[in-house]
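In the numbering used here, the protein residues as written are 2 to 241.
Where is the CB? At the ideal position from N, CA and C, for every residue including glycine.
Computed from a predicted structure; not experimentally measured.
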């Protein structure tokens with residue numbers, strides 16, 4: 002049986018019209034991608050048939066890629082909203098790369114680096130760490146936590162709470178909370194980690210999580226929901 006005959010058989014055995022259409026699209030996409038290198042397509046088919054975790058691994062990569070793109074979109078929308086509100090007041094709003102210590106689930110990642118937003122005017126500046134979530138928590142790395150502590154007066158955590166995957170500037174503005182001096186909430190946890198004396202207490206507003214040897218700070222929504230909403234944050238900045 003030829004490949005085309007096999008695909009036709011799979012497609013038309015399924016009685017659901019929507020599924021049939023999606024299968025046809027998938028088959029067409031695969032053929033167009035691997036038409037010059039069918040050996041790779043055969044390898045993929047063999048892996049899918051013989052490796053139980055192959056599809057799960059692919060699905061995980063797809064979800065991670067989608068999360069990265071969504072976070073990039075949210076970061077861009079926050080940046081645009083801040084520029085629209087502040088640049089006419091003499092502020093400068095721009096992205097800056099901070100390194101490779103990031104959390105793909107929450108952070109803005111471009112070219113393998115976490116990006117944060119810098120707001121400056123004359124000799125003053127703020128660093129705005131943007132994180133998105135659909136949960137009642139966000140997580141921070143050790144490096145992010147130490148930066149928040151060391152740059153206490155100029156480091157702001159911005160959490161954008163989303164109800165679904167559809168985002169636009171209005172949704173981001175309404176869902177954003179800006180937490181100033183978040184380092185005050187992290188300082189004690191960092192000291193305990195450095196002295197190896199911490200307790201993992203998930204009832205705290207900031208708790209410590211260890212997963213696969215990586216230490217993370219879990220910041221509960223009770224902290225960032227008390228932060229300033231977008232308009233309040235912008236209006237307070239204008240008073241500089």
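Legend entry - Host beta strand (DSSP E) of residue 119 (start-end): 114-122
Legend entry - Residues near residue 129 by beta carbon distance below 7 Å, same chain, minus five either side: 117, 118, 120, 157 and 159
Legend entry - Distance between residue 44 and residue 50 (C-alpha atoms, nearest Å): 10 Å
Legend entry - Per DSSP, the bridge partner or partners of residue 211: 216
Legend entry - Ranges of the alpha helix (DSSP H) found wholly within the segment 126-166, counting only runs of at least 4: 143-151
Legend entry - Member of 169, 214 and 54 whose CA lies at the smallest distance from the CA of residue 142: 214
Legend entry - residue 183 (DSSP reduced to helix, strand or coil): coil
Inset, instruction - Rounded to whole angstroms, what's the CA-CA distance from residue 239 to residue 174? Just pull it up for me. - result: 17 Å
Inset, instruction - Classify residue 173 as helix, strand or coil using the three-state DSSP reduction. - result: helix
Inset, instruction - May I have the straight-line CA-CA distance separating residue 140 from residue 22, to the nearest angstrom? - result: 40 Å
Inset, instruction - With a threshold of 16 other CB atoms inside 10 Å of the CB of residue 132, please say whether the residue is buried or exposed. - result: buried
Inset, instruction - Compute the distance between the beta-carbons of residue 78 and residue 168, then report whether it is under 8 Å. - result: yes
Inset, instruction - Would you give the residue range spanned by the alpha helix (DSSP H) that residue 89 belongs to? - result: From DSSP, residue 89 is part of no alpha helix (DSSP H); its letter is neither H nor E.
Legend entry - Host alpha helix (DSSP H) of residue 235 (start-end): 231-238
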